[in-house]
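A quick write-up on the structure given underneath.
Protein chains: 2
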Amino acid sequence: MATSATRRNFDVERVVDAALDLLDRGGPAALSVRAVAAELGVRPNALYTYVADRAALERAVVERVLGEADVDLLDGSPATWRRRITAYAGALRAVLLAHPGAVGLFMTAPMDGPSALVVGERLIAALASAGLSAEDASRGAYLLIVHVLGSVALEVAETEGRPPLPPEAERVAARREALSSADPAAFPWTARTADTAATWVTTTQYDWDLATLLHGLAGRAQT
Amino acid sequence: MATSATRRNFDVERVVDAALDLLDRGGPAALSVRAVAAELGVRPNALYTYVADRAALERAVVERVLGEADVDLLDGSPATWRRRITAYAGALRAVLLAHPGAVGLFMTAPMDGPSALVVGERLIAALASAGLSAEDASRGAYLLIVHVLGSVALEVAETEGRPPLPPEAERVAARREALSSADPAAFPWTARTADTAATWVTTTQYDWDLATLLHGLAGRAQT
DNA sequence: ACCTGAACACCGTTCAAGT
DNA sequence: ACCTGAACACCGTTCAAGT
Numbered sequence: 001m002a003t004s005a006t007r008r009n010f011d012v013e014r015v016v017d018a019a020l021d022l023l024d025r026g027g028p029a030a031l032s033v034r035a036v037a038a039e040l041g042v043r044p045n046a047l048y049t050y051v052a053d054r055a056a057l058e059r060a061v062v063e064r065v066l067g068e069a070d071v072d073l074l075d076g077s078p079a080t081w082r083r084r085i086t087a088y089a090g091a092l093r094a095v096l097l098a099h100p101g102a103v104g105l106f107m108t109a110p111m112d113g114p115s116a117l118v119v120g121e122r123l124i125a126a127l128a129s130a131g132l133s134a135e136d137a138s139r140g141a142y143l144l145i146v147h148v149l150g151s152v153a154l155e156v157a158e159t160e161g162r163p164p165l166p167p168e169a170e171r172v173a174a175r176r177e178a179l180s181s182a183d184p185a186a187f188p189w190t191a192r193t194a195d196t197a198a199t200w201v202t203t204t205q206y207d208w209d210l211a212t213l214l215h216g217l218a219g220r221a222q223t
Numbered sequence: 224m225a226t227s228a229t230r231r232n233f234d235v236e237r238v239v240d241a242a243l244d245l246l247d248r249g250g251p252a253a254l255s256v257r258a259v260a261a262e263l264g265v266r267p268n269a270l271y272t273y274v275a276d277r278a279a280l281e282r283a284v285v286e287r288v289l290g291e292a293d294v295d296l297l298d299g300s301p302a303t304w305r306r307r308i309t310a311y312a313g314a315l316r317a318v319l320l321a322h323p324g325a326v327g328l329f330m331t332a333p334m335d336g337p338s339a340l341v342v343g344e345r346l347i348a349a350l351a352s353a354g355l356s357a358e359d360a361s362r363g364a365y366l367l368i369v370h371v372l373g374s375v376a377l378e379v380a381e382t383e384g385r386p387p388l389p390p391e392a393e394r395v396a397a398r399r400e401a402l403s404s405a406d407p408a409a410f411p412w413t414a415r416t417a418d419t420a421a422t423w424v425t426t427t428q429y430d431w432d433l434a435t436l437l438h439g440l441a442g443r444a445q446t
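The listed protein sequences derive, respectively, from chains D and B. Position one of the first sequence corresponds to residue 1 (my numbering), numbered consecutively onward. Position one of the second sequence corresponds to residue 224 (my numbering), numbered consecutively onward.
What follows is the structure, encoded as structure tokens:
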């Protein structure tokens, strides 16, 4: 058995495994070509057999993580288009928050992998079923993607992306503390709403955002 | 004159000048502590007199760029709250697109500088004047920030952030080409709306997004 | 086809020393 | 207070060579 002429020790998927593992353990700074190679017990330059360069490795990680969110949530039987989109967006956010070290890559590497294609297709379909024109459904799909990715990226950036992401309560407390130093005379609105701004990086804010967005999208529906 | 006991060759602002200059010329990859030092005619470690570390330098660049967008657009006399927010959001987007190499930093470094505070204050005030409750105005302000930053970040990521950002027409053509390879049988919506998806990274999409968002926000207004 | 060895041109950051 | 010299432990990537 294993009579093939070549002796690959592993394949691209194992390279991505190792990369994601490093990100999950040490955050963005932990990812390097050399570290991945070490993880696989191989010299740094051996990686170039599997991956064109660091950028390609990063795109592969993005593809892997994006694929972890279940797109079937978008077109299953369940209830309304709002519920389906809310379910998928929530799942995608959860997947991203589970890999805080990888989130930054989504804002840096172009999302051109197969998973991105599938997500787009299903999102457009969901919005079309909401009564949007095909063109509006397409624009709406992108709006939703931008929001989920942007929102999680800023949430994670607050802690430099190094896992584990501290619990919400801790991050909120830190923000409240920082905001308390704002001069109420110069920044009356900020002072009055500091408790709310402290929760900008939470699920509460995310839910509010998504509801607002879906309301805006519903306004695009043809009667 | 210049009777001070110390002999500073420059100040922090000149360090940020040099950093932003490098980003504008060579993109994100061009920014390094050593390159900034070289730009200022000084040894790498001399920079640590002005800046705690690379992360602090990056935050200073973010602060600088954010400050370039005129917040007065938010509270001037002009017309409706929609117009004022549209004007400021457009100005911020323009400033970011003028510094494509710096955009990635906004999604990585926490935005805790003085400019961020001012922007938040004015945005909340604008939304409060639209009839939102103080809490909703705060949430709405963050939603808008997330959208503008996320949208520009993804737009720039398409070309790896290296300046100059190619003209829209060129980027749209490249996307159309890439999308044309999608199988219409497996991805009917994508195929049908490929011309729209090709323009996801344009001002047209941005304007559509913002209008949709503002509609959603208007729905939060108290009657 | 896959991996190693060796090298190139880089990084951020530290420490002790000079003025 | 500000800068240099020297060093440390890293980077991504290339090329020629081995199997």
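All C-beta atoms in this analysis are idealised placements derived from N, C-alpha and C, irrespective of residue type, glycine included.
Contact between B:Gly373 and D:Ala153 holds, since their C-beta atoms are separated by about 7 Å, short of 8 Å.
Residues Val318 of the same chain have their beta carbon placed closer than 7 Å to that of B:Glu291, with the five preceding and five following residues left out of the count. Bounds of the alpha helix (DSSP H) holding B:Pro337 are Pro337 to Ala351. D:Thr80 places its beta carbon 8 Å or farther from that of B:Glu344. CA-CA distance, D:Ala46 to D:Ala52, rounds to 11 Å.
Contact annotation, D:Glu39 with D:Ala55: C-beta distance approximately 19 Å; criterion of less than 8 Å not satisfied.
For the stretch 174-187 of chain D, the set of residues with a beta-carbon nearer than 7 Å to any beta-carbon of chain B comprises Ala178, Ala182 and Phe187, in chain order. Taking each of D:Ala157, D:Ile124 and D:Val61 in turn and checking the Cα distance to B:Val369, the smallest one comes out for D:Ala157.
CA-CA distance, B:Gly354 to B:Ala441, rounds to 8 Å. With 16 or more neighbouring CB atoms inside 10 Å of its own CB, B:Arg307 falls in the buried class. Take the alpha-carbon of D:Ala221 and the one of D:Ala125: they are about 13 Å apart. Taking the C-beta atoms as reference points, D:Leu105 is found no nearer than 8 Å to D:Ala91. If you look at B:Gly313, you'll find it in the alpha helix (DSSP H) that goes Trp304 to Ala321. Annotated as distal: D:Gly27 and D:Pro188, with beta-carbon spacing of 8 Å or more. In the three-state scheme derived from DSSP, where H, G and I count as helix and E and B as strand, B:Phe329 is classed as helix.
In this structure B:Pro267 is not in contact with B:Val284, their Cβ atoms being roughly 18 Å apart against a cut-off of 8 Å. D:Ser138 is positioned such that its CB atom lies closer than 8 Å to that of B:Thr416. For D:Leu179, the uninterrupted alpha helix (DSSP H) run begins and ends at Glu168 to Leu179, by DSSP. By the CB criterion at 8 Å, B:Leu254 and B:Arg287 fall outside the cutoff. Under the Cβ criterion of 8 Å, D:Arg220 is counted among the residues facing chain B. Between D:Val201 and D:Arg176, the CB-CB gap reaches or exceeds 8 Å. Rounded to whole angstroms, B:Gly439 and B:Leu366 show a C-alpha spacing of 11 Å. Look at B:Pro411 here: in three-state DSSP terms it is helix. Taking all protein chains in view, the Cβ of B:Val235 is surrounded by fewer than 16 other Cβ atoms within 10 Å, so the residue is classified as exposed. For D:Pro110, the chain B residues whose C-beta falls within less than 7 Å of its own C-beta are Ala380 and Glu381, listed in chain order.
Using a 10 angstroms sphere on the CB of D:Asp136, the tally of other CB atoms reaches 16 or more, which defines it as buried.
For the pair D:Thr159 and D:Leu123, the Cα-to-Cα distance works out to about 30 Å.
Ranking D:Ala128, D:Ala116, D:Tyr50 and D:Asp24 by CA distance to the CA of D:Leu97 puts D:Asp24 first.
Contact between D:Met107 and B:Met330 is confirmed by a C-beta separation of about 4 Å, below the 8 Å threshold.
Of the candidates B:Arg231, B:Ala420, B:Glu393 and B:Leu433, B:Ala420 places its Cα closest to the Cα of B:Ala405. Under the Cβ criterion of 8 Å, D:Ser138 is counted among the residues facing chain B. Using beta-carbon distances, B:Val239 does not count as an interface residue toward chain D, since no partner is under 8 Å. With contacts defined by Cβ atoms closer than 8 Å, B:Leu289 and B:Val342 form a contacting pair. When CB distances to chain D are screened at a threshold of 7 Å, not a single residue of the stretch 249-265 of chain B falls below it.
Look at B:Ala348: its C-beta is under 8 Å from a C-beta on chain D.
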